[in-house]
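A.B. asks:
Numbering (this note's numbering), first residue to last: 9 to 517.
1. Answer with buried or exposed for residue 381, where buried requires no fewer than 16 other C-beta atoms within 10 angstroms of its C-beta.
2. Tell me, which residues are paired with residue 213 by DSSP?
3. Quick check for students: name the residue ranges of the alpha helix (DSSP H) that lie wholly in the segment 34–81, counting only runs of 4 or more.
4. Would you report the Cα separation of residue 475 and residue 489, rounded to the nearest angstrom?
5. Just to confirm the assignment, what range does the beta strand (DSSP E) spanning residue 313 have?
6. Between residue 240 and residue 228, what straight-line distance do the alpha-carbon atoms span, to the nearest angstrom?
7. What ranges does the alpha helix (DSSP H) occupy inside the segment 109–145, keeping only unbroken runs of at least 4 residues that lie completely in it?
8. Starting from residue 15, trace the beta strand (DSSP E) in both directions and tell me its first and last residue.
9. If contacts are defined as beta-carbon pairs under 8 Å, then residue 494 and residue 373 qualify, I think. What distance do you get, rounded to the angstrom?
10. Per DSSP, residue 271 is paired with what?
11. Tell me the residue span of the alpha helix (DSSP H) that contains residue 453.
12. Under 9 Å between the Cβ atoms of residue 131 and residue 170?
13. Could you name each continuous alpha helix (DSSP H) segment of 4 residues or more that falls completely within the segment 313–360, going from the start of the chain to the end?
14. Looking at the strands, I want to know which residues DSSP matches up with residue 465.
15. Over the uninterrupted alpha helix (DSSP H) stretch that includes residue 418, give me the two end residues.
16. If distances are taken between C-alpha atoms only, which option among 378, 237, 363, 129 comes closest to residue 401?
17. Is the separation between the beta-carbon of residue 138 and that of residue 64 shorter than 9 Å?
18. Express the C-alpha separation of residue 154 and residue 206 in angstroms, rounding to a whole number.
19. In terms of DSSP beta bridges, what is residue 493 paired with?
20. Would you be able to state if there are at least three C-beta pairs under 8 Å between the segment 103–111 and the segment 338–351?
21. Given this structure, state the Cα-to-Cα distance separating residue 285 from residue 181, to the nearest angstrom.
22. Does DSSP classify residue 86 as helix, strand or coil?
23. First and last residue of the alpha helix (DSSP H) that includes residue 397?
24. Roughly how many angstroms separate the alpha carbons of residue 421 and residue 35, rounded to a whole number?
25. Using the C-alpha atoms, what's the distance from residue 216 back to residue 516?
26. Can you name the start and end residues of the alpha helix (DSSP H) that residue 239 belongs to?
Next up, the structure:
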């Protein structure tokens with residue numbers, strides 16, 4: 009690090025796009041906000057911070073970005089470990105003195121290999137970055153305010169983000185939070201106020217909490233009214249949050265949120281099959297009928313959105329097809345905003361059970377676990393499931409029904425929604441399941457063009473083009489472009505993967 013200039017900090021949300029596109033996904037909501045919270049811990053008088061989110065900005069391919077930083081910090085979902093390792097290799101090649109740091113789900117799920125690859129591996133929340141800042145730079149480089157650097161999110165399209173709680177009070181078997189086992193806690197009033205101040209004026213605020221409702225009613229009501237006070241002052245036009253199914257058991261909850269400016273709610277319905285919900289240990293969603301919840305929300309002027317999970321290890325093609333056809337046939341019910349395969353995320357109870365029961369396919373890579381391909385043996389023949397899955401995820405053969413349903417749904421609820429909510433109801437499903445333009449920089453579009461076609465099965469998918477270095481690198485970096493393999497040719501967990509999961513006692517240096 010050169011004297012006489014600010015320290016250069018690059019914070020990267022590493023990402024492998026499930027569709028193998030290297031171009032930006034600008035309209036995906038919510039955005040990854042961990043990089044912007046991390047940025048707030050650096051003193052802006054002594055450190056210049058840049059953020060690159062590979063979801064929002066597209067694949068990081070620019071050599072100038074790799075040459076620039078003194079410190080590069082990575083976060084991302086567990087499946088992005090290989091990508092973070094590749095990006096660190098580029099940074100180390102172009103700047104041998106760069107300090108590599110990783111945290112978040114990747115570091116917590118794969119602590120041992122993160123200790124070996126990165127200079128610092130953080131197991132805690134974003135606050136732990138202060139220890140790294142002090143160790144590498146100085147105590148003076150730690151910001152006194154530690155407020156969200158929302159100024160770095162531009163262009164934000166008028167959407168701001170807020171976190172009022174951490175973790176979740178439930179333990180769904182497939183959720184990475186269950187594997188981490190960290191307590192559900194609420195932010196302090198100072199933290200929430202600091203975030204709201206940093207947001208400034210916005211069109212809407214998305215609350216990022218894994219469960220905004222939680223298990224403390226007093227805290228829930230206080231946080232709703234806190235946000236509502238800013239809404240009444242005109243800081244934003246409305247806000248939305250994610251809640252669990254138990255939220256809807258008390259009708260007064262919807263009334264309270266509506267009175268305080270809430271315009272949208274997301275809840276993880278996950279599946280219409282009660283037996284599968286019990287398999288997921290998601291009993292809080294057993295009464296989450298999408299139509300009932302949609303009607304209850306609409307009566308309070310709130311837009312309802314939800315996610316659905318497909319699990320061919322427990323469901324047949326006919327069962328999944330019937331569920332989707334039923335949704336398309338009833339325009340009163342919105343289509344799911346998230347449609348994904350069950351992901352056996354490393355460290356979760358679901359993953360451990362799938363491995364014990366021999367449900368994992370052979371030669372599965374960590375990067376295969378993106379929710380858009382088979383990584384577990386289905387209960388029906390693979391050759392039957394794969395073509396159905398391919399068509400399902402793209403709504404192939406259902407585009408006309410998709411358009412009819414979307415427009416009819418928006419029209420049906422128009423009297424309960426304002427104009428912005430009605431437009432959202434009409435546009436969201438078409439964007440989610442329709443055509444993606446795939447526009448980015450020429451290099452990003454060329455990278456997408458080079459990708460081998462998807463097969464929707466971990467057993468037949470070819471490696472992404474990212475596993476071939478995009479810049480000429482010395483041979484010592486070859487291992488950084490080898491994929492982390494979860495299962496061997498027999499479907500058993502590999503020794504490499506098992507050793508990657510050995511837990512450390514504290515922050516690794």
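Positions of the beta carbon are idealized from the N, C-alpha and C atoms, including for glycine.
C.D. replies: If we stick to the structure as given:
1. buried
2. 168, 247
3. 42–47, 71–75
4. 5 Å
5. 311–318
6. 18 Å
7. 113–117, 119–125, 137–144
8. 15–21
9. 6 Å
10. BP columns for residue 271 are empty, so no partner.
11. 450–458
12. no
13. 325–337
14. 382
15. 407–420
16. 378
17. no
18. 11 Å
19. 373
20. no
21. For residue 285, the predicted structure reports a pLDDT of 48, less than 50, and the residue's modelled location is therefore unreliable. A value from the coordinates is still provided. Distance between the alpha carbons of residue 285 and residue 181: 10 Å.
22. helix
23. 390–401
24. 23 Å
25. With a pLDDT of 48 at residue 516, under the threshold of 50, the predicted position of this residue should be treated as unreliable, though the coordinate-derived value follows. Their backbone Cα atoms lie some 28 Å apart in a straight line.
26. 225–240
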